[in-house]
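Input: a single structure, listed below in structure tokens.
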Amino acid sequence: MRIVRLSSVRRVAALLAWLSAFGIAAEEEHGGARVAASSRWSAAMTRADVRLGRVDADHDDDYLYRLPYGDDVSFPIIQAYGAKLSHRGAEHFTLDFAMPVGTPVHAAREGVVVLVEDSHDVGCASGECAPLANFVVVLHSDGTTGEYFHLERGSAEVRVGERVARGQRLARSGDTGFSTAPHLHFGVYRTGRDRTTESLAVRFKTRSGAVGTPRSGAHYLNAIE
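Each residue of the sequence shown is one higher than the last, beginning at 15 in the working numbering.
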């Protein structure tokens, strides 16, 4: 999921002004339309959320992403593209990796950090916990965003406005927000002119070659770079 819960309208306004300076499309809204794939999440959204990403971003389909973890380790995919539990609608092309709490999370692509939340320490298997996920959001050069969710509290190693390199450590994985077990949720998104967002199918550079359709239950190693 891609919910950004903010503490006040004033904080939202300040963030929108910052994003505007970077040329990033943003939208303040109330309610849970962003997560329409699961209506029970909508009820959990009682404050503002922000959508990110350059309007009508043209994704670079030739780009091969890293897997969002280090070299010489791999973690099973517990939800791949289109998984029935929660990867539907706008979340269709996202991945969940079974990852122990405290595992280093690395940038799948270079970019600029536009949002960081790492103050939460709550996770549960209920939509009520959805707004309590910790996350890092990175804006890519083509206007899409890479989003890393359910991170460990206090683990962020980057700050808003920082340029990050491909493979750089961002934070540590956790079990915060709407989560049934420790895992990392990763997806690449773009925003349309109607301000709705969609996840994008991306390809990964693995040790066994390019992978365009990651499979549930599979383990993949990052290619040596």
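The C-beta atom is built at its ideal place from N, Cα and C for all residues, glycine as well.
Mind reading off the beta-carbon distance from ARG186 to GLU161? Whole number of angstroms is fine, and I expect it under 8 angstroms. Actually they do not touch by this definition, with Cβ atoms about 16 angstroms apart.
Measure the alpha-carbon distance for ARG173 versus GLY226 and round it to whole angstroms. 30 angstroms
Going by the CB atoms, is the gap between ARG217 and ALA237 shorter than 8 angstroms? no
Count the other CB atoms, across all protein chains shown, that sit within 10 Å of the CB of ASP76; report buried if there are 16 or more and exposed otherwise. exposed
Helix, strand or coil, according to DSSP, for PRO145 in the structure here? helix
Length of the line joining the Cα atoms of ASP74 and LEU235: 23 angstroms
Between ALA170 and LEU81, what straight-line distance do the alpha-carbon atoms span, to the nearest angstrom? 18 angstroms
Can you tell me which of ASP70, GLN93 and ALA71 puts its alpha carbon nearest to the alpha carbon of PRO228? GLN93
Report yes if the C-beta distance between HIS4 and SER213 is below 8 angstroms; otherwise report no. The requested residue 4 does not occur in the structure, where the chain is confined to residues 15 to 239.
Supposed close pair GLY191, ALA147 - CB separation, criterion 8 angstroms: 2 angstroms
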